[in-house]
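Colleague: Before I ask anything, let me first share the structure, which is written out below as structure tokens.
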Amino acid sequence: MARIGVIGSEGRMGQALMAAITQAGHEYVGGVDKGGDVTALAAQCDALVDFSAPAALADNLSAARTAGCALVIGTTGLEPAHHTHIDSAARQIAVLQTGNTSLGVTLLAHLVQEAAARLGTDWDIEIVEMHHRMKVDAPSGTALLLGEAAAKGRGVDLDHVKDSGRDGQTGAREPGAIGFAALRGGTVAGDHSVILAGDEERITLTHNAENRMIFARGAVKAVEWLIGKNAGRYTMNDVLSL
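Numbering-wise, the working numbering puts 1339 at position 211 of the sequence shown, and it's gapless, one number per residue.
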């Protein structure tokens, strides 16, 4: 039984995590939100799960380092500076960071990488995602994760081939581009499709999230795998041995 704390406990994901932790037979130590004492929480835990906000990440990493506890980061909307902080913390503690904790999405990303590697740039890649009306970042962390998988399969840097927010007279599609489209509305937990379009044929790889509990259960699986690991930076691929 692991002792697990939640950063961002009052949010929708925080509530789902509390349920998933107890359902899995672990101890839910407690949660913190903006203004809370994350250092005190970390001192009581074997691992923390962070689904809060990018602005809080540096303090959360510092608290985990001080306590020597593992940290699973599911916060999206991270920028390069955040990843630099994660890399630094991972020299001292075990950190797993991901744009999506779903086991199904993890496998989908693996399949996308394999397809992109084998089909080559003759096939155009477009990523379409839809989320609830309250989501504040776009493309979603999951869409970017899938884009990274496609870029890795092709051996390129996503930043160099990413194409999002098309509007107006955009001209023809750039060869090798990886396109993104973001839809927002209703209460959609998360739908993602990766379209590989060749000449006169098309492959669509899709994952539909029906409830936030799939992310919470995946995060608990990540915690179970991460506890006891050496200091380092890990991903959900490690959890599934991909």
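Don't be surprised by glycine CBs; every beta carbon is placed ideally from N, CA and C.
Any contact of the segment 1241 to 1252 with the segment 1299 to 1306, i.e. 3+ C-beta pairs under 8 Å?
Modeller: Taking 8 Å as the limit for Cβ pairs, the verdict is that the segment 1299 to 1306 does touch the segment 1241 to 1252.
Colleague: Give every residue of the same chain whose Cβ lies closer than 6 Å to the Cβ of I1331, excluding the five residues on either side of it in the sequence, and list them in chain order.
Modeller: If we look at I1331 and ignore the five residues flanking it on each side, its Cβ neighbours are L1324.
Colleague: Here's a check: name, in chain order, each residue in its chain whose Cβ is nearer than 8 Å to the Cβ of T1249, leaving out the five neighbours to either side.
Modeller: Within the same chain, T1249 has close Cβ partners R1282, P1303 and G1304.
Colleague: In chain order, what are the residue ranges of uninterrupted beta strand (DSSP E) at least 3 long that sit wholly in the segment 1299 to 1368?
Modeller: Complete beta strand (DSSP E) runs here, min 3: 1306 to 1312, 1318 to 1326, 1329 to 1337 and 1360 to 1362.
Colleague: To the nearest whole angstrom, what separates the beta carbons of E1257 and L1311, a pair I think is in contact under 8 Å?
Modeller: Right, their Cβ atoms sit about 7 Å apart.
Colleague: Since R1345 and A1130 should fall inside the 8 Å C-beta cutoff, what is the C-beta to C-beta distance between them, to a whole number of angstroms?
Modeller: Not confirmed; about 14 Å, so no contact.
Colleague: Between the C-alpha atoms of T1150 and Y1156, what's the straight-line distance to the nearest angstrom?
Modeller: Distance between the alpha carbons of T1150 and Y1156: 6 Å.
Colleague: Spell out the partners DSSP gives L1176 in its beta bridges.
Modeller: Beta-bridge pairing links L1176 to G1133 and L1199.
Colleague: Tell me whether D1285 sits in a helix, a strand or coil according to DSSP, three-state version.
Modeller: Three-state DSSP puts D1285 in coil, outside helix and strand.
Colleague: Whole angstroms are fine: how far does the CA of D1327 sit from the CA of A1218?
Modeller: A1218 and D1327: Cα-Cα distance of roughly 44 Å.
Colleague: Find out if the Cβ-Cβ distance for the pair A1300, G1202 is shorter than 8 Å.
Modeller: Not closer than 8 Å, so no.
Colleague: If I'm right that V1240 touches A1277 with Cβ under 8 Å, what's the distance once you round it to whole angstroms?
Modeller: The pair is a contact, with the Cβ atoms about 4 Å apart (cut-off 8 Å).
Colleague: Here's a check: name, in chain order, each residue in its chain whose Cβ is nearer than 6 Å to the Cβ of G1232, leaving out the five neighbours to either side.
Modeller: Once the five neighbours on either side are set aside, the close Cβ partners of G1232 are H1335.
Colleague: Taking only three categories from DSSP, how would you classify V1264?
Modeller: Coil, per DSSP.
Colleague: So for A1181, helix, strand or coil by DSSP?
Modeller: DSSP places A1181 in coil when its eight states are reduced to three.
Colleague: Which residues mark the beginning and the end of the alpha helix (DSSP H) in which H1238 is found?
Modeller: Where H1238 is concerned, the enclosing alpha helix (DSSP H) stretches over L1231 to L1247.
Colleague: Could you give the residue range of the beta strand (DSSP E) that holds G1159?
Modeller: Run containing G1159: E1155 to V1160, per the beta strand (DSSP E) assignment.
Colleague: For my contact list, T1226 and M1364 are in at a C-beta cut-off of 8 Å; report their separation, rounded to the angstrom.
Modeller: Sure, about 5 Å apart at Cβ, within 8 Å.
Colleague: Could you tell me which residues DSSP puts in a beta bridge with I1222?
Modeller: Looking at the sequence provided, one finds Ala at residue 1222 rather than Ile. Answer by DSSP bridge pairing, in chain order: G1360.
Colleague: Relative to the alpha-carbon of G1205, which residue among D1187, A1183 and H1213 has its alpha-carbon at the smallest distance?
Modeller: Checking every option, the nearest Cα to that of G1205 belongs to A1183.
Colleague: Give the straight-line distance between the Cα atoms of I1153 and I1355, rounded to the nearest whole angstrom.
Modeller: The sequence shown places Gly at residue 1153, not Ile. When rounded, the distance between both Cα atoms is 15 Å.
Colleague: Can you find the residues in the same chain that come closer than 7 Å, C-beta to C-beta, to L1286, ignoring five residues on each side of it along the sequence?
Modeller: Closer than 7 Å at the Cβ level, and outside the excluded window around L1286, lie G1275, E1276, A1279 and I1306.
Colleague: Can you give me the start and stop residues for the alpha helix (DSSP H) that D1165 sits inside?
Modeller: No alpha helix (DSSP H) contains D1165, which DSSP labels as neither H nor E.
Colleague: For E1138, which three-state DSSP category applies?
Modeller: Coil, per DSSP.
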